[in-house]
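**Q** According to my numbering, the sequence shown holds residues 106 to 186 in order. Even for Gly, the Cβ is constructed at its ideal location relative to N, Cα and C. Model, not experiment: these values are computed from the prediction.
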Amino acid sequence: ALNNVAKHSNANLANISLRRMDGMIELVIEDNGMGFDLEEASRKGLGLSSMKERIELSGGSFTIESATGTGTIIRASWPLQ
Numbered sequence: 106a107l108n109n110v111a112k113h114s115n116a117n118l119a120n121i122s123l124r125r126m127d128g129m130i131e132l133v134i135e136d137n138g139m140g141f142d143l144e145e146a147s148r149k150g151l152g153l154s155s156m157k158e159r160i161e162l163s164g165g166s167f168t169i170e171s172a173t174g175t176g177t178i179i180r181a182s183w184p185l186q
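#1: Do you know offhand how far S214's Cα is from G176's?
#2: Less than 7 angstroms between the beta carbons of N115 and G138, yes or no?
#3: Drop a sphere of 10 angstroms on the beta-carbon of A181, count the other beta-carbons inside from all chains shown, and report buried for 16 or more, exposed for fewer.
#4: Please classify S163: does DSSP put it in a helix, a strand, or coil?
#5: Pull up the distance between the alpha-carbon of G128 and that of Q186, whole angstroms please.
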């Protein structure tokens with residue numbers, strides 16, 4: 106995810122947070138870049154789908170919030186065991 110921020114987002118700020126809440130651990134990566142169209146990105150490359158697959162295989166969940174011109178928020182969370 107951070108590689109994508111550096112290569113593609115044109116962001117000048119990225120925030121990374123890791124927190125524990127409600128029996129879960131959540132990793133959030135947020136940037137102020139140019140954002141992207143989620144549907145177009147899912148058709149083009151393997152990067153985001155590969156990230157999602159790896160997180161889900163490890164028992165986690167994965168979400169992306171983005172739109173052209175708005176920046177991007179990526180969330181991954183896993184149950185604490």
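**A** So, from the data block:
#1: Lying outside 106 to 186, the shown extent of the chain, residue 214 is not represented and no answer is given.
#2: yes
#3: buried
#4: Here S163 sits in coil by DSSP.
#5: 8 angstroms
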